[in-house]
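In the working numbering, the protein residues as written are 732 to 839.
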């Protein structure tokens, strides 16, 4: 079954962009802005596990590799997002609104 997938990627300065771009090209992905792609993915099992496995087979992964996918969950029919490689980091806009709680550090 084909599933629509949006993929955001950050491979760092020395990441394997050629490997990822070749893989995205093989999926006929379309560009949706800096480091964002959309493609249809044919999958019959867990989409996250399948994407992670396929990307690891085609792209050289390092500790800075971050890939986030957005897709419709087959069971709940709701949109979901998940890091398949890497994890979330502090947003560059964190603190700009001035409404964030300030925590006071104390010496123990």
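Where a beta carbon is used, it is the ideal one built from N, C-alpha and C, also for glycine.
In terms of Cβ geometry, residue 802 and residue 736 form a close pair [threshold 8 Å].
Residues 734 and 736 of the same chain have their beta carbon placed closer than 6 Å to that of residue 772, with the five preceding and five following residues left out of the count. Annotation for residue 757: the continuous alpha helix (DSSP H) segment containing it runs 748-757. Residue environment for residue 797: buried (at least 16 other C-beta atoms within 10 angstroms of its C-beta). Residue 740 and residue 751 do touch by the CB rule: their CB atoms are close to 6 Å apart, below 8 Å.
The beta carbon of residue 748 is closer than 7 Å to those of 742 in its chain, skipping five residues each way along the sequence.
With a minimum length of 3 residues, the unbroken runs of beta strand (DSSP E) contained wholly in the region 761-819 fall at 767-773, 797-803 and 810-816. In the three-state reduction of the DSSP assignment, residue 738 falls in the strand class, which pools E and B. Residue 795 holds the alpha-carbon nearest to the alpha-carbon of residue 819 among 763, 790, 783 and 795. Taking all protein chains shown into account, residue 744 has fewer than 16 neighbouring C-beta atoms within 10 Å of its C-beta and is therefore exposed.
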